[in-house]
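As structure tokens, the structure follows; a few thoughts come after it.
2 protein chains.
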Amino acid sequence: MQTPEELTARFRATGRKVTAQRQCVFRVLQGDESHPSAEAVHAAARRQVETISLKTVYQTLHDLTELGEIAALDIGTGMVRFDPNVEEPHHHLVCRVCGKVSDLVVDFPELSVPERATQGFELGAPEVVFRGRCPECRSRSTDPSVGSTPGGSPTGGERDAPTSP
Amino acid sequence: MQTPEELTARFRATGRKVTAQRQCVFRVLQGDESHPSAEAVHAAARRQVETISLKTVYQTLHDLTELGEIAALDIGTGMVRFDPNVEEPHHHLVCRVCGKVSDLVVDFPELSVPERATQGFELGAPEVVFRGRCPECRSRSTDPSVGSTPGGSPTGGERDAPTSP
DNA sequence: TTGTTACCTAACAATCAGTGGTAATTATGG
DNA sequence: CCATAATTACCACTGATTGTTAGGTAACAA
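Line by line, the protein sequences give chains Y and R. In our numbering, each residue carries its 1-based index in the first sequence increased by 91. In our numbering, each residue carries its 1-based index in the second sequence increased by 91.
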């Protein structure tokens, strides 16, 4: 997405009013690589504008998505995640344990579908998701002080994964 | 997944009882390539066993997923879709308009992440999703002014929930 | 500066997919 | 046979997201 200043201009240019709350959301998203959910954006925004409502955050995220300034990702973490990086084509790594999403900036040029395999679909760009375990969750489950059950279940005990509820 | 008969044996072997309702779900899923939601499975099952409850369908789908006989897909259509095809590795085409999911049996052998790009993630198999418009929705939208704008503006605006009624 | 109008907040209801509980009944399989 | 799992109807609940209302504020064009 563009800078808060550019977004301000773009909002005005598209007939939207620019408010302190919206600019606050702009700033929260700027450079955020955590792929925050709406709730997470709300929490961060509240640190700047304490009274901003969840509704306004949803509204602004919706506007930004409509303008193509951010992308709304629905990749099985149970809620929509927002990605301010729409300039650079990329894919995603998703942690099965904690739901963390990381950008994967590798390009896969070989990802094209032979015409006869498309089944008549009109196709957009491919979205590649690698699911796995992030470094934090890897070390957490390998931590000897955590494994209280010797030879415990291979599922790593209680896996209350943030998969679709 | 295996045949209803094999699933019957497998359920017994794993301490599960085999009921008419469960076998009904087995039959519904057998050869189903529509990636049905739980509700859709329920609707189809009802045609065979009118009193089968949604709860039982969820329970059976959960069991089958646990056994690895079917796969639970969460690919942004608003609900979990179930895929009985777990034998053949494949990817998916998703219609942005109606939510239809089709198997894409193309293999992408070169789809691996360079070690330095994994960011410490422990990665599983890649999941590739191509979003677009299925043949039905392409012909249905008889918008004459729809000029092809390939690679055009990234106004990813069509981010509407394809949720059924 | 002023007036129109979009925007914001609070509070609450609703939706939708899915889970959980209960109690009563059914039926599987050792 | 019979213990026990499974099923059913019913209803409440979560969690993400949207909608509604009403009153107040603030943006921005004239």
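Beta carbons are placed, not taken as given, at the ideal position from N, Cα and C, and that holds for glycine.
Check, Outcome
"Just confirm the distance between the C-beta atoms of Y:Thr105 and Y:Leu158, as a whole number of angstroms; I'd bet it's less than 8 Å.", "7 Å"
"Measuring CA to CA, which of R:Asp194, R:Gln139 and R:Lys108 is closest to R:Val119?", "R:Gln139"
"Tell me which same chain residues have a C-beta within less than 7 Å of the C-beta of R:Asp194, skipping the five on either side of it?", "Glu124, Asn176, His181 and His183"
"For R:Pro95, does the three-state DSSP call read helix, strand or coil?", "helix"
"Short check: CB of R:Phe212 to CB of Y:Gly223, under 7 Å?", "yes"
"Between the C-alpha atoms of R:Val197 and R:Val220, what's the straight-line distance to the nearest angstrom?", "12 Å"
"Check the Cβ-Cβ distances between Y:Ala100 and every residue of chain R, and say whether any is below 7 Å.", "no"
"Between R:Ser128 and R:Arg101, is the Cβ-Cβ spacing less than 7 Å?", "no"
"Nearest to R:Ile161 by alpha carbon, out of R:Phe117, R:Thr209, R:Ala136 and R:Val109?", "R:Phe117"
"So what's R:Glu160 in DSSP terms, helix, strand or just coil?", "coil"
"Tell me, please, whether the CB atom of Y:Val188 is closer than 7 Å to any CB atom in chain R?", "no"
"How many Å lie between R:Ile143 and Y:Asp154 at the Cα?", "43 Å"
"Would you say Y:Pro256 lies against chain R (beta-carbon separation less than 7 Å)?", "Unreliable placement is indicated for Y:Pro256, whose pLDDT of 36 sits below 50; the coordinate value is still reported in the next sentence. No - not a single Cβ of chain R is within 7 Å of the one on Y:Pro256."
"Using CA atoms only, rank isn't needed, just tell me which of R:Val204, R:Ser203 and R:Thr168 is closest to R:Val188.", "R:Thr168"
"Looking only at DSSP bridge pairs, what is R:Gly223 linked to?", "Y:Leu214 and R:Cys186"
"Decide if Y:Pro217 is buried, meaning its Cβ has at least 16 other Cβ atoms within 10 Å, or exposed.", "buried"
"What separation, rounded to the nearest whole angstrom, lies between the Cα atoms of Y:Ala111 and Y:Thr99?", "10 Å"
"Within the continuous beta strand (DSSP E) that includes R:Leu195, where are the two ends?", "Val192 to Leu195"
"Going along chain Y, which residues have a C-beta under 7 Å from R:Val204?", "Leu195, Val197 and Phe221"
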